[in-house]
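*Asks:* This is the structure, below, for whatever I ask next.
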Amino acid sequence: MFWGAAALFALVMALFAITYLRREWLERLSPAQWIVGGGLILPMPILVLLTGTALVLGEQLLPHGNAPVRIEAHAERWHWTFTYPGGAPMADDVLHIPAGEPVDIVVTAGDVIHAFWVPRLGGKIDAIPGHTNTIRLQADKPGTYWGQCAEYCGEGHDTMFFRVEAHLPDDYARLIPGAAQ
Amino acid sequence: MSQTPTPLRLHKELDRIWRTPPGIHRLSSVNHTVLGKRFMVVALCFFAIGGLLSMLIRAQLATPNSAFIGPELYNQIFTMHGTVMMFLFAIPMFEGFVIYMLPKMLGARDMAFPRLTAYGFWCYLFGGLILIGAMLAGVAPNGGWFMYTPLSSKPYTPGINADVWLLGITFVEISAVTAAIEIFVSILKMRAPGMSLTRMPLMGWYMLVTSGMMIIGFPPLILGSILLELERAFELPFFDPTRGGDPLLWQHLFWLFGHPEVYIIFLPAAGALSTIIPVFAQRPILGYRAIIAAIVAMGFLSFGLWVHHMFTVGIPHLALAFFSAASALVAIPTAVQIFAWLGTLASGRPRWDIPMLYVFGFFFVFVIGGLTGVMLAMVPFNTQAHDTYFVVAHLHYVLVGGFVFPMLAGIYHWMPHISGRQSLYRLSIPAFWLIFIGFNLTFFLMHLTGLMGMPRRISTYPSNWGWDWLNLLSSVGGFILTMGFALVLADMVLQFRFGRFFRRDPWSAQTLEWATATPPPSYNFAAIPRIDRRADQLEPAKIGPVLAGGSGYLGFARNGDQETMGVEMTTGAPEHVIILPRRTFLPLWTALATASFFLALLFGLYGLTPFGALLTLVLFLLWPTTLGQKKDFGPVSIGMGETAVLDVECTSNVSILANRAALVMNGTLFSSLLFGGLFLLVVAPNWQGIAPLDLPIWLAVVAVLAASLSALCCWMARRANTAGNSAGVPLALAGLGQLVALGLLVGLMVWVPQPTEHARQAVIFVVLGYAALHCGLAALMAFHALLRLHQGYLSARRQTECILAWLWNGYAAGATCLALGLSLLLAMMGQIP
Amino acid sequence: MTPLDKRSLILLVAGFTLWSLAFVLLYVLQALGCAYDWSHHRLILIAAYLASLLPLAWLALQRSRDRGATTSLSTAALWANRAAFAAGVLVFAPVTFGSMCL
């Protein structure tokens, strides 16, 4: 996407420069060629392909069916509370997940709109009072990932961080006994 | 009418009619040249304020863990930066430009409703002052410029900060609403004779589509603001999820306005580019028809994009797919225009001059913004980049590229027209490079910080995440950018003070605005030309002196009236003579009354609000008293050996068209309200477990009957009037009928049990209130027509008031039916316990 | 000239007005189907998709009635309507495969 954009940008800039510096190169193009060529033939296939790919990719990222692990994330100004299956809510701003398998995070909010976002795990979902949203994440490797609130939620928005700890499945089963199935 | 006076004598006679006298009388000006300039000057002042705020933002973010301003203040600053730039700078700036320029480009002597222009200006100024005053008092809005609920609702913003935004912006939006209708009507009806739609310069097309988009696009925002203010002031729970409301309703209403808004800002700038580029390419624009099709496509497609601001709120993927595809597709009409401009340059004999330097800036910056826009249209990418600095970078590339650079090109292109002087050209070149380099340094790096995970709207960040040097460079760029703007300002001042004088048309442009003297006289054209070719291929230097000599249409001063031509919408054939209202202090008084209403609301003095509203209404009722004719004149001379009737004797005059446009706008507001009600019904939480209400159906049926019969009476009144019979009795009946409907609807509103308890009751309450208001307005229109009939302003030829009464009564009847329909549907919801 | 121009002016916005209506219709059907759990949700959506394409296609094929009387406006209108048809085909195509309520 980046290289495609860079190429298109370079093309437009080059054309602009040529109109002043090497006009004779472009003189033979007719109005129709400019408009149909530049306005339709050039962008159309790119856009159709790009949008198509993005939609297929988007479909794959959706939480189809039920993931083995399902954790509730509740946002309230300005901290996160995570609840594991069969467990009590844990209000310590740390989310434990198993590495290498998909996890569904069920996101809710208690006061205003927040957004659940772990930049390195990709994608975000808003936590909206009155609604329940689900996002499917997967951490390929065990480790610590930072997460933060991405939707402006007032004075404490700056520091509404949380930590994601991804563990090997065995460690995870020991840590959160009720979680795996 | 005098016998062929000399150009100087003609100038004096016309100027005596049109000019704005000095001193205190300046405040009574309704002249579009004066008001256009005022709009632009005030908008540039707000631009400076917004710019200073952005300096504070960049100063705060320059270093990690900065303690320069705390989050509390920072939140106010970024909210105000966005709000000021969007609502107090961008929109009013192009409105001012269009108000100044459009009549001159199209060959008219003023806009269609000069007093409304003045009223709009005062509303803009007062509304803006409310916002800035609040900022100085430290109670500026702090919920972000899109004011998401419930953060902006009472429990989470208990102070008046959010009220300042809602009321201030709604007050300012009055000027956008009036401008939209005025621009729409002026383009369609007030062109030089012979200028058919397809001979209109592209600027006219751009503005026609823009004003149409404003007519459809602004009502959702205004509705949203009204509903949120009702929730904050009177506890009606439209957005409160615990009582059947939904925060998402606000987002839909806001972005349904907010996305078209971006194109509303871009299209006038694109219009300026389509005017400037052919001048410097020295050939007519390429692909005139393709561009028209592209503008129309863009106008419509831009309404199908709004959810791309909401990809992460949990809307099903299929719905996202529609919006994603439409967002990608809107790149096509943009590409058509970009390549039409490039092609125009390539196939012409391009000249290099200062405006082209800024046009180059546009190409560079806007193309990047467009490409990142396509990236953001892709759902998976969007969910990652949403609400990060990537979006901040994108939106600045689009808005600065798509509006500020074309605006600067426009300033350098048209400033000589306003000042009558040419620039000295020394400062504009370093200014450009400072702006260009500063801008790219500031905002290109934000793409990277965004991709590295920096979210928007944080006042500080830890230092170990690698964002430090990028942010520091961004801040440095921001200050370079500011220096560039300061140089532009200095350049403008110098040009006004020391610039060289020139005769006509310094750029050899080919559009009509250069046929006026510069600076333009108060009446624009001593005579209005006949256009016999496409109006972007004229020779202003040649026709200017001819027009100044009075050869053309209306090349005389008659009865001390401000006359201009009204034409047939599509062909541009001369149709009628428009007599415009003279200058008056009424717009100022009316705007002050309106301000008192908004201030009373703002300070919670609800007991005083009816007085402000009533005063505004009474003052508005004084407006028509100076208009109209008490006898039929028949066709009068318009010069060139032709005749036309006066506007009051024509049934396609600007008043009627404007009222139709206003009703379309009003209808959009109402449909947004109806959709809002249905949206809550289908989507909002906490609608289970409510009991049905037994709405008194017989009251509803009688109200519908009363409103419908009134509309029927108005229709009969109109027929009677056209046939030369008296319309008095049916008009009186219509007015009374609407009053009955009004009473019944108010009765039903009182009946609604506890509207603050659940969104269902709140929606019924507001929908009924809307219908009641319109029955009241319809009664007013009917009685007004009756009064005008009584005073002798109506005849079989002079039908305007009768037609207006019919339009508003018909609308009120329709609104009452729909309002009661929705109320019944909502009342039936729920299980009997 | 006048009636022809007026017709072209209406045609200029007709295609995209229909497109907007179809957009609203499909979005509403999608939302209603999810809210009330319709059993033939996708069939209904596809039917609405095809039905909304018919008038768009018809408009896109409208040439000026009188030969030789094509004005700039009628040409622009034809192009706008073809664009609207293309936009209809592309933008609504996801009804055939997108996840409806997820």
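Protein chains in written order, with our numbering: chain A, -8 to 172; chain B, 34 to 866; chain C, 727 to 828. Even for Gly, the Cβ is constructed at its ideal location relative to N, Cα and C.
1) According to DSSP, is L613/B part of a helix, a strand, or is it coil?
2) Using a C-beta to C-beta distance shorter than 8 angstroms, which residues of chain A count as neighbours of L375/B?
3) Nearest-angstrom Cα distance between A87/A and I96/A?
4) Out of curiosity, what's the CA-to-CA distance linking Q172/A and A58/A?
5) Please decide whether M602/B counts as near chain C, where near means a Cβ-Cβ distance under 9 angstroms.
6) In whole angstroms, what separates the C-alpha of L732/B from that of F355/B?
7) Here's the rule: buried if 16 or more other CB atoms are within 10 angstroms of the residue's CB, otherwise exposed. What is K663/B?
8) Is the closest heavy atom of the ligand PLP to the C-beta of L827/B under 8 angstroms?
9) Check S685/B in the structure and name its three-state DSSP category.
10) Counting only beta-carbon separations shorter than 9 angstroms, does F811/C have a partner in chain D?
11) Is it true that the CB of A302/B sits closer than 9 angstroms to the CB of M389/B?
12) Are the C-beta atoms of P89/A and some chain C residue less than 9 angstroms apart?
13) Could you give the DSSP three-state label for K70/B: helix, strand or coil?
14) Residue ranges of each alpha helix (DSSP H) run of no fewer than 4 residues wholly in the region 341 to 403 of chain B, ordered along the chain?
15) Can you list the residues of chain B that K115/A reaches, using a CB-CB cut of under 8 angstroms?
16) What three-state label does DSSP hand V650/B in the structure shown?
17) What residues from chain C crowd round H350/B, counting only those whose CB sits closer than 7 angstroms?
18) For F290/B, count neighbouring Cβ atoms within 10 angstroms of its own Cβ and tell me buried if that reaches 16, exposed if not.
19) Of the choices F204/B, Y445/B, L169/B, whose alpha-carbon is the least far from that of R454/B?
20) Between P226/B and A606/B, is the Cβ-Cβ spacing less than 9 angstroms?
21) Using 9 angstroms as the limit for Cβ to Cβ distance, is C55/A near chain C?
22) Here's the rule: buried if 16 or more other CB atoms are within 10 angstroms of the residue's CB, otherwise exposed. What is M862/B?
23) Given L338/B, which residues of its chain have a CB within under 7 angstroms of its CB, disregarding the five upstream and five downstream residues?
24) Between the Cα of Q570/B and the Cα atoms of R316/B, I451/B, E268/B, which residue gives the shortest distance?
25) Quick one, which residues of the region 144 to 166 of chain A are near chain B if we go by CB-CB under 8 angstroms, in chain order?
26) Taking 6 angstroms as the limit between beta carbons, can you name the residues of its chain near I348/B, skipping five residues before and five after?
27) Just the chain C side, please: which residues come within less than 7 angstroms of T231/B by C-beta, in chain order?
28) Hey, F130/B and F72/B: beta-carbon distance below 9 angstroms or not?
29) Does the beta carbon of P820/C sit closer than 9 angstroms to a beta carbon anywhere in chain B?
30) How about L752/C: is its C-beta nearer than 9 angstroms to some C-beta of chain A?
31) Using a Cβ-Cβ distance under 9 angstroms, would E50/A count as near chain C?
32) What residue from W283/B, P668/B, A818/B has the CA that sits closest to V610/B's CA?
33) Quick one: list the residues of chain A neighbouring L816/C, beta-carbon separation under 9 angstroms, in chain order.
34) How would you call V67/B, buried or exposed, if buried means at least 16 neighbouring beta carbons within 10 angstroms?
35) Taking the DSSP output, what are the residues bridged to M81/A?
36) List, in order along the chain, the chain A residues whose C-beta lies closer than 8 angstroms to that of T493/B?
*Replies:* Looking at the coordinates:
1) Against the second sequence, residue 613/B aligns to sequence position 580. Strand.
2) As a first step, residue 375/B is located in the second sequence; it is residue number 342 there, counting from the start. In chain order: V3, L6, F7, T10, W25, G29.
3) The sequence position of residue 87/A within the first sequence is 96, counting from 1. The sequence position of residue 96/A within the first sequence is 105, counting from 1. It should be noted that the sequence gives His, not Ala, for residue 87/A. Each residue's alpha carbon lies about 11 angstroms from the other.
4) Position 181 of the first sequence, counting from 1, holds the residue named residue 172/A. Position 67 of the first sequence, counting from 1, holds the residue named residue 58/A. At Q172/A the pLDDT is 44, less than 50, meaning the model places this residue with poor confidence and gives no usable figure here.
5) The residue given as residue 602/B occupies position 569 in the second sequence. Yes, M602/B counts as interfacial toward chain C.
6) Within the second sequence, numbered from 1, the residue matching residue 732/B stands at position 699. Within the second sequence, numbered from 1, the residue matching residue 355/B stands at position 322. Rounded to the nearest angstrom, the two C-alpha atoms are 43 angstroms apart.
7) The count along the second sequence starts at 1 and reaches residue 663/B at position 630. It is exposed - the Cβ of K663/B has fewer than 16 other Cβ atoms within 10 Å.
8) In the structure shown, the ligand PLP is absent, as is every other ligand, since no ligand is present at all.
9) Sequence index remark: in the second sequence, residue 685/B carries index 652 (1-based). Note: S685/B maps to coil in three-state DSSP.
10) Absent from the structure is chain D; the protein chains it does hold are A, B and C.
11) The residue given as residue 389/B occupies position 356 in the second sequence. The residue given as residue 302/B occupies position 269 in the second sequence. No, they are not a contact pair.
12) Along the first sequence, one-based indexing puts residue 89/A at 98. Closer than 9 angstroms: no.
13) Within the second sequence, residue 70/B is the residue found at index 37, counting from 1. Helix.
14) 350 to 362, 364 to 380
15) Taking the first sequence and counting its residues from 1, one reaches residue 115/A at position 124. Neighbours of K115/A on chain B, chain order: T345, T416, Q417, H419, D420.
16) Position 617 of the second sequence, counted from the first residue, corresponds to residue 650/B. A quick correction: the sequence has Leu, not Val, at residue 650/B. L650/B: helix per DSSP, three-state reduction.
17) Your numbering for residue 350/B matches position 317 in the second sequence. Residues of chain C passing the Cβ test: G824, S825, L828.
18) By one-based count along the second sequence, residue 290/B stands at place 257. F290/B should be labelled buried.
19) As a position in the second sequence, residue 454/B is number 421, starting the count at 1. Comparing Cα positions, the closest option is Y445/B.
20) Here the question's residue 226/B lines up with position 193 in the second sequence. Here the question's residue 606/B lines up with position 573 in the second sequence. Closer than 9 angstroms, so yes.
21) To locate residue 55/A, count along the first sequence from 1; it is residue 64. First, the residue type needs correcting, since residue 55/A is His and not Cys in the sequence shown. At least one chain C Cβ lies under 9 angstroms of H55/A.
22) For this step, residue 862/B is matched to residue 829 along the second sequence. Exposed, because fewer than 16 other Cβ atoms sit within 10 Å of the Cβ of M862/B.
23) By one-based count along the second sequence, residue 338/B stands at place 305. Within the same chain, L338/B has close Cβ partners H292, F356, A359, S360, V363.
24) Counting from one through the second sequence, the residue named residue 570/B turns up at place 537. Closest by alpha carbon: R316/B.
25) C144, G145, E146, G147, H148, D149
26) For the purposes of this step, residue 348/B is taken as residue 315 along the second sequence, with counting starting at 1. Within the same chain, I348/B has no close Cβ partners at all.
27) Along the second sequence, read from residue 1 onward, the residue named residue 231/B stands at position 198. T797, S798, L799, listed in chain order.
28) Taking the first residue of the second sequence as position 1, residue 130/B is located at position 97. Taking the first residue of the second sequence as position 1, residue 72/B is located at position 39. A contact, by the Cβ cut-off of 9 angstroms.
29) Indexing the third sequence from 1 puts residue 820/C at position 94. It does; some Cβ of chain B falls within 9 angstroms.
30) Indexing the third sequence from 1 puts residue 752/C at position 26. Taking Cβ atoms only, chain A never reaches closer than 9 angstroms to L752/C, which makes this a no.
31) Walking along the first sequence from the start, residue 50/A turns up at place 59. Closer than 9 angstroms to some Cβ of chain C, the Cβ of E50/A qualifies, so yes.
32) As a working mapping, residue 610/B is identified with position 577 in the second sequence. V610/B has its Cα closest to that of P668/B, out of W283/B, P668/B, A818/B.
33) Within the third sequence, numbered from 1, the residue matching residue 816/C stands at position 90. Going along chain A in sequence order, the residues near L816/C (Cβ under 9 angstroms) are L38, V39, T42.
34) As a first step, residue 67/B is located in the second sequence; it is residue number 34 there, counting from the start. Buried: at least 16 other Cβ atoms inside 10 Å.
35) Within the first sequence, the letter at position 90 stands for residue 81/A. DSSP output for M81/A lists F73/A as bridge partner(s).
36) Counting from one through the second sequence, the residue named residue 493/B turns up at place 460. The answer, in chain order, is D149.
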